[in-house]
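Report on one structure; see the data block that follows.
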Amino acid sequence: MADAVASSPLTRIFALRGWLTRGLGVPVMLLVMLSMMVVPLPPIALDAFFSFNIALAIAILLAVIYVMRPLDFTAFPTVLLMVTLLRLALNVASTRVVLLEGHTGPDAAGQVIQAFGEFVIGGDYAVGLVVFAIITLINFVVVTKGAERISEVSARFTLDALPGKQMAIDADLNAGSLTREEAAARREEVRQEADFYGSMDGASKFVRGDAIAGLLILFINIFGGLAIGMLQRGLPAGEALQVYTLLTIGDGLVAQVPALLLSTSVAILVTRMSQPQDMSAQMVGQLFSSPRTLLVTAGVLLVLGLIPGMPNLAFLTLAAAAGGAAYLLHRRRQAETLRQNEPVDSGPQTPRELGWDDVAADDVIGLEVGYKLIPLADSRQGGELMGRVKGVRKKLTRELGFLMHPVHIRDDLSLPPEGYRIAIHGVPVAAGEVRVDREMALNPGQVFGPVEGIETRDPAFGLPAYWIEPGQRDSAQENGWTVVDPTTVIATHLSQALRTHAAELLGHDEVQHLLDNLARAAPRLVEDLVPKLLPLSVVVKVLGSLLEEGVSVRNMRGIAEALAAQGGASQDPVTLTAAVRVALGRQIVQEINGMEAELPVATLAEPLERMLHQSLQDSQHAIEPGLAERMHDALKQFTQRQETAGRPAVLLVPAGLRGMLARFIRNSVKGLHVLAYNEIPPDRQIRMTDSVTG
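The opening position of the sequence shown corresponds to residue 321 in my numbering, with each subsequent residue numbered one higher.
Below is the structure:
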């Protein structure tokens, strides 16, 4: 029984498939094709190979038609080479049989060549020559020539656009629209596209060379057959011309028909768009999308059908068909419009009392845009704002440590046409304007030439910038300017606004989710912390204080461990925040200064430090106004000097003063980090670069 199963036809078929997919199929097929040029083949083998060649050409044509996009058939250039080599090998094999055995009759080279020589062209070699010449001209002059030109232009444009596509991917990655995995996939797709069209440019030369070879083989076979038939076989000139020409033309047609199918496949593939679309549905949907087109076509056909002497029946039938199709398409569009606009019948409307459901809650995060910016948010019009906003949410979620709320985008006619506004809990926190038809050029710190445009400022950081024409992008980038599109400007401003107001986005529900996630890995820690040691509201205030000072809460386990270590000794959020900052000292310093072993800092002069301690001990907890103003100016100048030198601005103070000074400079001196002495990790060295005096 086992032997019967092992030797069944189905088992042998699967064994053959496995043998082919293990990498042995293609080398063996290549060796067989090359051997056909040397080893004589019997007529029955020629019939099998010619039939297989025609079937293979049809299969390739259908595969090209049904493929969704060109990059889904990346093996096509190699397939094109293999099929071309197979056809040339068959030409050599059939030529040998025609010249050696042609005198024996029209079936000397097999039934396939005989059928094409007698049935297709009616046994008349003059007609055969004309038909062969027409097919060859169509293949060589029209299809192959056009496909070769399109392949060349596509390859050139794809390679020229490669640097720009790579830069666009890098810009999307930096803006947060793409993750590293998505960016790597996009880069791989761009590389495959460049390789594919470059290969197609070279592979189209195979088809051109095959068409030329078909012409040369035809003439060589005719003259060679005449010479062999008359000189070696002793046939009369007329009989030799009849026999060998018919066989040669049949052989040429058997090769040219698959060649024409393959050339058509090349032309179809290189004229396809890169978007994944079904070609049949795309052609029918776009060609017959308008009833007006069919109606005008019906009118022209009707006029032609009424002219005396014309094939009236054919034209009038086609006119009726086109008119009927236009009428049906028009009726279908009317029905769709009515169905979309049909009001929903909800029965008799009776007034009802107002309820709490009528109180509309404000969106947690809202992005309101002017009417000219609506296309940027509409993906159907090619807008990328929705994708960029999604990328901003992903990036902030990963960096801040909690799930960023969805952003509700809506239009607002009260805004300027190209203006936008960012709101949190219904309260505007940022606003700006962009130019839809221009791009923003930013000075990254060093440029090699000016740009011409409308002077403006970056809405996210207030940096000087220019709105330039899209055509100036390349020249501006060559001069060192950073050029971004309006969508990136809005997305960057949104990211900066959400990062600044992150503490307002973290509420009780979000903190509970963070604790629930932590409970999966450390259930006892969460159980002992909330609510045994601390209520949830205190944890929310501590995490909010960290976010206000730019500290990520992604290390939730470290935060919980630090809070639990207090053992419930204090429930003051300020005290608990200071303890958590000490536990997160390594993370805080790393976010400020990276992996550098030395941290440049400024400290307070001893008299100023003593005065601040005295102010802190005072019941009013207030700094004398003149002293506050002098401190503010000194800290602002220090921050500017550090930013100009490309170094972080850090003020190192005693732990008792850190909270007060952090609140003092939070909204007035952007970019200054206030750290306590006990927050510096033991393995980090500090270098005092400045001393702040009052």
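Ideal Cβ placement from N, Cα and C applies to all residues, glycine included.
As the structure is a computational prediction, the values presented were derived from the model and not from experiment.
{"Item": "If you follow the beta strand (DSSP E) that residue 748 is part of, which residue opens it and which one closes it?", "Value": "747-753"}
{"Item": "Do you know offhand how far residue 361's Cα is from residue 515's?", "Value": "38 Å"}
{"Item": "Output needed for residue 969: all residues of its chain with C-beta closer than 7 Å, excluding positions within five of it in sequence on either side, in chain order.", "Value": "958, 959, 962, 963, 991, 992, 993"}
{"Item": "May I have the straight-line CA-CA distance separating residue 385 from residue 697, to the nearest angstrom?", "Value": "34 Å"}
{"Item": "Can you find at least 3 beta carbon pairs, one from the segment 764-777 and one from the segment 839-849, that sit closer than 8 Å?", "Value": "no"}
{"Item": "Going by DSSP, name the residue or residues bridged to residue 777.", "Value": "784"}
{"Item": "Considering residue 458, what are the terminal residues of the alpha helix (DSSP H) in which it resides?", "Value": "From DSSP, residue 458 is part of no alpha helix (DSSP H); its letter is neither H nor E."}
{"Item": "Grab me the residues of residue 874's own chain with a C-beta within less than 6 Å of its C-beta, minus the 5 sequence neighbours each way, in chain order.", "Value": "721"}
{"Item": "Are three or more beta carbon pairs between the segment 574-587 and the segment 448-465 nearer than 8 Å?", "Value": "yes"}
{"Item": "Going straight from the alpha carbon of residue 933 to that of residue 748, what length do you get?", "Value": "38 Å"}
{"Item": "For residue 760, report the span of its beta strand (DSSP E) as first-last.", "Value": "759-762"}
{"Item": "On the three-state DSSP scale, how would you describe residue 833?", "Value": "helix"}
{"Item": "Report the option in 894, 615, 758, 397 whose CA atom is closest to the CA atom of residue 650.", "Value": "615"}
{"Item": "Could you tell me the boundaries of the beta strand (DSSP E) in which residue 1008 lies?", "Value": "1005-1012"}
{"Item": "Less than 8 Å between the C-beta atoms of residue 740 and residue 704, yes or no?", "Value": "no"}
{"Item": "What would DSSP say about residue 919, mapped onto helix, strand or coil?", "Value": "strand"}
{"Item": "Select from 928, 887, 917 the residue whose C-alpha is nearest the C-alpha of residue 943.", "Value": "928"}
{"Item": "By DSSP, does residue 389 sit in helix, in strand, or in coil?", "Value": "coil"}
{"Item": "On the three-state DSSP scale, how would you describe residue 741?", "Value": "strand"}
{"Item": "In whole angstroms, what is the alpha-carbon distance linking residue 652 and residue 633?", "Value": "29 Å"}
{"Item": "Where does residue 551 land, buried or exposed, given buried means 16+ other C-beta within 10 angstroms?", "Value": "exposed"}
{"Item": "From residue 462 to residue 545, what does the alpha carbon distance come to, in whole angstroms?", "Value": "30 Å"}
{"Item": "Any idea what DSSP makes of residue 730, helix, strand or coil?", "Value": "strand"}
{"Item": "Leaving out five residues before and five after residue 524 in sequence, what residues of the same chain have Cβ atoms less than 7 Å from its Cβ?", "Value": "467, 468, 471, 586"}
{"Item": "Which residue wins for smallest C-alpha separation from residue 504, given the options 811, 891, 729, 489?", "Value": "489"}
{"Item": "Given a cut-off of 8 Å on the beta-carbon distance, is the pair residue 900 and residue 860 in contact?", "Value": "no"}
{"Item": "Which runs of the alpha helix (DSSP H) at least 4 residues long sit entirely within the segment 354-407? Give them in chain order.", "Value": "363-386"}
{"Item": "Based on DSSP bridge pairs, tell me the residues matched to residue 263.", "Value": "There is simply no residue 263 to check, as the chain begins at 321 and stops at 1014 in what is shown."}
{"Item": "DSSP state of residue 1015, grouped into three classes?", "Value": "Because the chain spans 321 through 1014 in this model, residue 1015 falls outside it and cannot be assessed."}
{"Item": "Give me the Cα-Cα distance between residue 718 and residue 931, rounded to the nearest whole angstrom.", "Value": "41 Å"}
{"Item": "Return the residue from the list 799, 814, 793, 816 that minimises the CA-CA distance to residue 805.", "Value": "793"}
{"Item": "Under 6 Å Cβ to Cβ from residue 349, same chain only, skipping five residues before and after it: list those, please.", "Value": "none"}
{"Item": "For my contact list, residue 982 and residue 869 are in at a C-beta cut-off of 8 Å; report their separation, rounded to the angstrom.", "Value": "6 Å"}
{"Item": "Is residue 858 near residue 886, with beta carbons less than 8 Å apart?", "Value": "no"}
{"Item": "Within its chain, find whatever has a CB closer than 6 Å to the CB of residue 638; leave out the 5 residues flanking it on each side and keep chain order.", "Value": "621"}
{"Item": "Extract the residue ranges of the beta strand (DSSP E) inside the segment 516-578, only unbroken runs of 3 or more that lie entirely within it.", "Value": "none"}
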